[in-house]
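Convert by adding 1 to the 1-based position in the sequence shown; the result is the number in the working numbering.
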Amino acid sequence: MNFSEMQLIQKRKQAFEDYFLAVKKLRDLNIIVNKKDFTSQLGEWLISEMYGATIATNGKQKDWDMKFEEKHIQVKSHSKAKTTTRSNTDFKYADNACIDLFVIVIFDEDYKLKNIYEIPWNIALELKTKNTKDPVIKWNEIPENCKINFREKLKNNELLSSFL
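Right, dumping it as structure tokens:
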């Protein structure tokens, strides 16, 4: 093994160690709570911080992730690589689900925000694809007034502005 290969191994090893330490710190700070989907937990945490909402403490509530002023909020998050073409969000909820606001958070591959959509439940129901096995909400069909100006909303928040 030559010197440059050894350097690359050391850089990769350090990157893994940095990542593992960062995940542990995020867990210690209650930003992520388990080892399930990192992107989902990050999106839920971000929205709870934006709203001042309370994240559900367990999985017993079927449809919602957090509450804010008696409103039930469901958050779906995506991290999009430049090569990813997906432009929709799964929507597998009954019409009578206990959800008031359906929020879609879209990060880029470096976890910088690309879009946040805040969709009232009645509009989300209208947007879901019909007569399909796996209903989705297509992002290009979401009304413009549901698209949040997150740059304006987060620019003065020292912590959350790190997502800009």
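No residue lacks a Cβ here, since even glycine has one placed at the ideal position from N, Cα and C.
For P121, the pairing in a beta bridge is given by DSSP as L102. Rounded to the nearest whole angstrom, the CA to CA distance from R152 to I10 is 38 Å. Shown here, D91 sits in a strand according to DSSP, grouped into three states. Residue range 72-81 is occupied by the beta strand (DSSP E) that includes S80. Cβ neighbours of I100 within its own chain (closer than 8 Å, five residues either side excluded): D64, W65, H73, I74, Q75, Y94, W122, A125.
If you look at F69, you'll find it in the beta strand (DSSP E) that goes 67-69.
According to the DSSP assignment, I33 belongs to no alpha helix (DSSP H), since it is labelled neither H nor E. At least 8 Å separates the beta-carbon of T133 from that of S80. Partner residues in the beta bridge of T55, as assigned by DSSP, are K68.
Only buried fits Y118, as 16 or more other CB atoms lie within 10 angstroms of its CB.
When the five nearest sequence neighbours on each side are left out, the beta carbons in the same chain lying within less than 8 Å of the beta carbon of K113 are those of F164, L165, in order along the chain. E45 sits buried, since 16 or more C-beta atoms from the chains shown fall within 10 Å of its C-beta.
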